[in-house]
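Asker: Just dropping this structure here.
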Amino acid sequence: MNLSVQLAPKHQPGLLLANPVMTASGTFGYGTEYSHLFDIQRLGAIVCKGTTLKPREGNPQPRLAETASGLLNSIGLQNIGVRALIKEKAPLWASWHVPVIVNIAGETIDDYTQLAGELDGVAGISAIEVNISCPNIKAGGAEFGANHESAAEVTASVKAATSLPVLVKLTPNTADITKVAMAVAEAGADAISLINTLKGMVIDTGKRQPLLGNISGGLSGPATKPVALYMVYEVAGAVAVPVIGCGGITTASDAIEFIMAGASAIQIGTANFTNPKAPLDILEGIEQFLEKEGVKDITELIGVARC
Ligand SMILES: Cc1cc2nc3c(=O)[nH]c(=O)nc-3n(C[C@H](O)[C@H](O)[C@H](O)COP(=O)(O)O)c2cc1C
């Protein structure tokens, strides 16, 4: 049975994953945090926490709130910064056979370009995921992803600064995600991942004030799955580059829905917090489904539910 998927077909040497199961940025640390729990190298790829030029402390607490079938977070890109990532994390990744993808975020286009330049040629890094979709920072982030022109500008600039495959991660907090996806593909994105979190809030009725220190946050988890699935369906029908589905995937059946909607790979996020072995369980569930259905190659399932 062949589970491998190519996420950057127009790129040389490309981004070949042994299987379509990836982790979602910000929910799986740097991979190392989970390596004692299961063989993380069985996964298709690991996407690390959103990385900025300088280290960030993130937003004021509280930064997490559980909601009905979901999670609201306002972490605000707390991370160690790109220099520490290159020095402390990449050397270990270079000894792994699972590809590691670095998720990057910035406040200006120049930030993204510099980040891409610094990561270029670093052993242990297989691709860049450009986060133009973080709802939890004051400047930059989702602002770039909400508008098709700025999304294309960031994409083109990052592409020019790196020889690595470039994935661009889209925000659902925009009027027309398909228009943004088409602009990003046109600007040279090798693949498109979606969705990041949906903007939301919770009020602490006892205190009569917003619960999160940042007032608003990003909603993820099972509550968002039908929204994410439909956006993946729409985007996959509009662009020729591979699409990576993300949003509320908790079971193998969820993952297969995204693949049938047109995703070449999927990312597991919030599910890692309730079941740290979720990516492995989902991978094994996909294998069982293929066996049961007599499917020899996972690529046969990509987009089969499209009308
Ligand atoms: C606590 C937390 C932190 C996150 N941090 C990032 C991040 O740094 N960069 C990014 O692109 N997405 C980040 N995300 C978004 C996830 O990668 C994913 O797109 C989103 O949570 C939807 O998937 P899920 O419903 O499976 O969690 C974060 C999500 C959560 C819950």
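For the sequence shown, our numbering begins at 4 and goes up steadily by one.
Just so you know, even glycine gets a beta-carbon here, dropped at the ideal spot from N, CA and C.
None of the values given here were measured: they were computed from a predicted structure.
1. Return helix, strand or coil for A178, following the three-state DSSP convention.
2. Does DSSP put A164 in a helix, a strand or coil?
3. Can you tell me where the alpha helix (DSSP H) with L283 in it begins and where it stops?
4. Look up Q9 in the DSSP assignment and give the residues it is bridged to.
5. Would you tell me roughly how many angstroms separate the C-alpha atoms of E296 and D207, rounded to the nearest one?
6. Need the endpoints of the alpha helix (DSSP H) that S256 sits in, please.
7. Would you grab the beta carbon distance between I43 and G34 for me? Rounded to a whole angstrom, and I think it's under 8 angstroms.
8. When we look at the beta-carbon of P23 and count the other beta-carbons within 10 Å, is it buried (16 or more) or exposed?
9. Closest to E237 by C-alpha separation, out of F261, E294, E287, G221, would be which residue?
10. Is any heavy atom in ligand 1 found nearer than 7 angstroms to the beta carbon of K172?
11. Contact defined as beta carbons within less than 8 angstroms: I believe G109 pairs with L118. What is the distance between those atoms, to the nearest angstrom?
12. Output needed for T177: all residues of its chain with C-beta closer than 7 angstroms, excluding positions within five of it in sequence on either side, in chain order.
13. Could you tell me whether the Cβ atoms of G61 and G79 are closer together than 8 angstroms?
14. Under DSSP, the alpha helix (DSSP H) around E237 begins and ends at which residues?
Answerer: Reading it off the structure:
1. coil
2. helix
3. 281-296
4. L19
5. 48 angstroms
6. 255-264
7. 6 angstroms
8. buried
9. F261
10. yes
11. 6 angstroms
12. G148, A149, V183
13. yes
14. 228-239
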